[in-house]
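Q: Residue numbers (the working numbering): 340 to 396. Take this structure first; my questions come after.
Below is the structure:
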């Protein structure tokens, strides 16, 4: 009985660590995508501003 409990506990520890590791990876990927999206939006905002200036001339 004790061995089953120990194995279960080990499995649960492994799963907890794996979940934490994957959440960290996911979090890092989301942050990277957020930065990429912000850079893209900034670029488009710059292009739009340039177009607006050209149209005013």
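The beta carbon of each residue, even a glycine, is placed where N, CA and C say it ideally should be.
#1: Please report the distance separating the alpha-carbon of residue 395 from that of residue 382.
#2: I need the straight-line Cα distance from residue 361 to residue 371, nearest angstrom please.
#3: Mapping DSSP to helix, strand and coil, what is residue 376?
#4: In three-state DSSP terms, what is residue 396?
A: Put simply:
#1: Locating residue 395 in the chain shown gives position 56, counting from the first residue. Locating residue 382 in the chain shown gives position 43, counting from the first residue. Roughly 20 angstroms between the two C-alpha positions.
#2: Within the chain shown, numbered from 1, the residue matching residue 361 stands at position 22. Within the chain shown, numbered from 1, the residue matching residue 371 stands at position 32. Computed Cα separation, rounded: 15 angstroms.
#3: Taking the first residue of the chain shown as position 1, residue 376 is located at position 37. Helix, per DSSP.
#4: Indexing the chain shown from 1 puts residue 396 at position 57. The answer is coil: DSSP assigns residue 396 none of H, G, I, E or B.
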